[in-house]
Amino acid sequence: MPGRELHSEINRRTFVCSAALPALCAGVAFAASSSRREAQYYEKLPNQKIRCKLCPRECVIDDRERGYCGVRENEKGTYYTLVHSRPCSVHVDPIEKKPLFHFYPGTLAFSLATAGCNVNCKFCQNWEISQARPEQVRSAEMTPNQVAALARENECVSIAYTYSEPVVFYEYVYDTAVAGKAQGVKSVVISNGYIQDEPLRRLCGQVEAIKIDLKAFSEKFYREVVNGELKPVLQSLVTIQKQKTWLEIVYLVIPTLNDSDQELRALSQWIQRELGPDVPIHFTRFHPQYLLKNLPVTPLATLERAKKIADAEGLHYAYIGNVPGHPAENTYCPRCHEPVVERTAFMIRKTSLRNGTCAKCAAPIAGRWNKG
Amino acid sequence: MPKSPPADRRQFLTATVALPLLSAVDTKSSVPKSRIVVAHDPDVLLSLSGRVDSNRLYRLLNDGIQALAGTDSPREGWQRFVRPADVVGLKVNCLAGKGLSTSVQLTEAIEQCLQEAGVRPENIIVWDRHSNDLENAGFRVVTDRRRPRCYGNDIGGYESELMTWGSVGSLVSSTLVRTCSVIINLPVLKDHGIAGITVALKNLFGAVHNPNKYHLNVGNPYVADVFMLPPIRSKVRLTICEAIVAQYEGGPPFMPQWCWPMRSLILGSDPVALDYTGWQIIEDKRREKGLKPLAAVGRNPAWLAVAADNEHRLGTNDPGRIDVLRIV
Ligand code: SF4
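Line by line, the protein sequences give chains A and B. Residue numbering for the first sequence follows the numbering used here, beginning at 109 and increasing consecutively. Residue numbering for the second sequence follows the numbering used here, beginning at 262 and increasing consecutively.
Encoded structure:
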């Protein structure tokens with residue numbers, strides 16, 4: 109039996125057209141071949157080269173070549189995205205799975221991804237799609253309007269661009285967010301934040317929330333484990349906050365690599381200083397996979413230590429993630445410390461909020477909340 | 262040990278030192294030298310657009326393989342690298358379209374030679390990253406199992422298990438891993454805008470699913486590390502680099518203004534020695550054309566030294582250990 113095509117992600121995540129979600133299938137066709145569209149944010153150079161200006165990597169690309177992300181191709185000096193309207197993974201998820209804890213809790217997010225990523229984290233849990241090229245995964249053809257309509261049909265409050273890296277399917281994200289808005293569906297982006305400032309600002313105008321995976325608080329880690337840079341990601345966090353787009357941060361705590369007291373304290377202090385205490389941070393548990401299989405699962409004590417440091421630095425909403433049933437999955441009122449949203453894994457058990465304030469002491473709870 | 266070529270070979274030169282050509286043993290360490298054959302025919306190219314004389318190309322190829330193997334006949338030379346039972350993959354390089362890809366003529370000549378050496382036609386597979394690339398370079402996609410086949414990884418697929426070595430983690434082409442028992446590597450000689458040069462080692466980027474991840478830092482150490490993936494390292498036995506037309510600047514796309522008719526094939530079983538030799542040829546041409554050396558323009562192929570280091574041992578980049586044998 110020869111090798112298979114790379115489509116395990118679709119099998120794993122229950123692709124939109126699979127038997128598990130047949131109702132979603134109507135009108136959606138599998139993409140037969142590449143649907144090119146001219147990319148945004150690039151400049152033409154002599155000899156049919158181009159320089160991509162979408163992310164800080166600024167790939168310089170020859171004719172017939174692709175950038176680092178593998179989903180953008182130069183053809184005779186014009187740069188194309190190969191993934192517009194070509195999601196390879198589509199799923200309906202609770203918004204808590206993103207995780208976004210302060211954004212319409214208990215609602216559904218119509219979640220999609222295309223192939224490709226502009227970094228290569230050694231611990232990537234979705235490497236089968238993020239490190240693949242579009243032609244190596246099975247994709248559907250799904251226009252922005254179709255996505256918005258499907259999200260509505262499936263009673264999703266939001267469309268989430270997630271699983272791989274939305275920066276590399278920027279044009280599709282943008283157009284879909286516009287289409288979603290027109291149909292009354294919000295958009296949220298789950299990203300590594302490795303994007304240039306101009307495209308990010310423009311995107312903030314169309315999406316309601318962004319969750320950034322901050323991989324570490326050291327350039328060394330970004331260089332050696334991520335193949336990226338920390339500084340532009342910090343800049344993105346500041347930009348998102350300034351644009352008043354709802355922001356949450358996930359920090360995957362990896363034993364020995366990014367879990368020192370010093371690093372966690374510096375991170376918490378930076379968030380407090382540059383973003384303010386109301387930006388939620390989720391310290392999540394690492395599981396060995398992809399290229400990082402030689403490290404253990406993050407001990408619970410490490411996650412609790414991280415939360416304690418963040419609490420001590422005055423952050424209002426520090427969570428522990430990937431530990432179902434832990435009390436640090438709940439949101440507590442920063443004033444009276446009563447639980448205002450109680451969760452187990454992705455389930456909301458109880459909400460004690462009144463129009464975005466603590467039901468007990470009326471302190472405002474930062475976030476975007478359901479009315480009532 | 263390769264035998265000496267017959268005494269009536271047309272001409273031999275070494276580029277290193279004036280030692281007897283095929284005393285391919287370094288007396289100091291008893292480590293055999295790597296032999297690289299540069300086979301040249303001034304009349305092989307019929308026009309500067311790249312049209313070749315197929316008969317002359319066939320003879321040049323056979324002369325080259327005989328000189329490389331040091332055998333009495335080309336057939337015996339081929340048999341040093343392939344056995345009749347082998348399934349032979351010909352890894353061409355077709356990204357640059359018709360202008361600067363492995364040519365259909367060279368590939369057909371190799372197919373003929375392999376069959377003369379006893380390999381069955383249905384056990385020959387011309388293969389590259391993508392079928393579109395093959396078609397753009399003039400190949401016809403063939404999946405009929407009764408004759409030599411030709412297709413890309415899009416048809417052959419990739420393995421599902423991640424393979425890792427050093428800095429790389431990739432899914433490897435099933436054509437290489439499962440279908441073929443031997444790979445003959447058929448790059449072209451050209452400059453590369455990121456990695457400095459692309460010749461033998463880098464051509465195997467076409468065997469992995471994520472080559473776009475390996476162009477950082479002038480390709481170092483990725484070019485060496487990809488070649489270390491076990492099925493690649495163990496199956497690539499021979500490299501025949503097409504340098505009928507070569508390119509010294511502006512690659513990897515075809516830039517005719519920077520091409521020159523070298524009218525040669527470069528053959529070797531040591532991919533590092535072959536890359537080193539190709540690199541020097543490109544540097545010489547750049548110098549002749551008034552261009553800066555690759556190191557001066559930030560494209561020094563440092564991965565070559567890595568490929569030769571103690572961790573990799575893919576071959577030698579030491580000119581003192583390379584016998585360059587030029588035949589005309
Ligand atoms: S978006 Fe892709 S092509 Fe553009 S700079 Fe980033 S990695 Fe390179």
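For glycine and all other residues, C-beta sits at the position ideal for the given N, C-alpha and C.
Residue i at chain B interface by Cβ criterion, 9 Å
i	result
Cys160 of chain A	no
Trp235 of chain A	yes
Tyr150 of chain A	no
Glu243 of chain A	yes
Glu166 of chain A	no
Gly292 of chain A	no
Gln239 of chain A	yes
Tyr187 of chain A	no
Glu117 of chain A	Summary for Glu117 of chain A: the model assigns pLDDT 35, below 50, so the residue's position carries little reliability; its value from the coordinates is reported in the next sentence. It does not: the Cβ of Glu117 of chain A has no partner Cβ on chain B nearer than 9 Å.
Gln254 of chain A	no
Gln156 of chain A	yes
Tyr176 of chain A	yes
Ala317 of chain A	no
Tyr330 of chain A	no
Leu399 of chain A	yes
Asn228 of chain A	yes
Arg120 of chain A	At Arg120 of chain A the pLDDT is 35, less than 50, meaning the model places this residue with poor confidence; the figure from the coordinates comes in the next sentence. Cβ-Cβ to chain B under 9 Å: no for Arg120 of chain A.
Glu173 of chain A	yes
beta-carbon residue i near the ligand SF4 non-hydrogen atom, thresh 8 Å
i	result
Arg174 of chain A	yes
Ile386 of chain B	no
Arg331 of chain A	no
Lys495 of chain A	With chain A covering 109 to 480 only, the question about residue 495 of chain A has no answer from this structure.
Cys232 of chain A	no
Cys229 of chain A	no
Asn226 of chain A	yes
Val276 of chain A	yes
Arg144 of chain A	no
Endpoints, the beta strand (DSSP E) within which residue i is located
i	result
Leu268 of chain A	Per the sequence shown, residue 268 of chain A should be read as Ala rather than Leu. Ser266 to Tyr269 is the extent of the beta strand (DSSP E) around Ala268 of chain A.
Phe391 of chain A	Ile389 to Arg393
Ala507 of chain B	Val497 to Gln508
Ser295 of chain A	Lys294 to Ser299
Glu356 of chain A	Trp354 to Val361
Cβ-Cβ distance between residue i and residue j below 9 Å
i	j	result
Thr353 of chain A	Asp305 of chain A	no
Val297 of chain A	Ala256 of chain A	no
Tyr282 of chain A	Gln314 of chain A	yes
Ala507 of chain B	Leu447 of chain B	no
Leu565 of chain B	Asp536 of chain B	yes
Leu351 of chain B	Ile326 of chain B	no
Ala360 of chain A	Asp321 of chain A	According to the sequence as given, residue 360 of chain A is Leu; it is not Ala. Contact: yes.
Ala569 of chain B	Asp579 of chain B	yes
Ser434 of chain B	Ala398 of chain B	no
His424 of chain A	Pro442 of chain A	yes
Residue i - containing alpha helix (DSSP H), residue span
i	result
Gln349 of chain A	Lys339 to Lys350
Gly417 of chain B	Asn414 to Gly417
Leu308 of chain A	Asp305 to Cys312
Ser392 of chain B	Ser392 to Asn397
Residue nearest to residue i in terms of C-alpha spacing, selected from the options
i	options	result
Phe342 of chain B	B:Ile542, B:Val497 and B:Ile386	B:Val497
Ser421 of chain B	B:Gly413, B:Arg439 and B:Gly427	B:Arg439
Leu365 of chain A	A:Arg373, A:Lys323, A:Glu382 and A:Leu375	A:Lys323
Ala461 of chain B	B:Asn471, B:His470, B:Arg317 and B:Ile444	B:Ile444
Ala357 of chain B	A:Thr189, A:Glu183 and A:Val200	A:Glu183
Leu311 of chain A	A:Glu279, A:Leu403, A:Tyr187 and A:Pro154	A:Glu279
Tyr483 of chain B	B:Pro562, B:Leu306 and B:Pro409	B:Pro562
Thr215 of chain A	A:Thr406, A:Ile417 and A:Lys294	A:Lys294
Gln343 of chain A	A:Val333, A:Leu423, A:Asn300 and A:Gln233	A:Asn300
Phe454 of chain A	A:Asn438, A:Pro396 and A:Cys229	A:Asn438
His453 of chain B	A:Leu308, A:His210 and A:Val168	A:Val168
Closer than 8 Å: residue i CB and nearest the ligand SAH heavy atom
i	result
Val361 of chain A	The ligand SAH is not part of the structure shown, which contains the ligand SF4 as its ligands.
Chain A contact for residue i (CB, 9 Å cutoff)
i	result
Glu572 of chain B	no
Met516 of chain B	yes
Gly512 of chain B	yes
Lys359 of chain B	no
Thr425 of chain B	yes
Leu555 of chain B	no
Gly480 of chain B	no
Tyr419 of chain B	yes
Asp324 of chain B	no
Gly454 of chain B	yes
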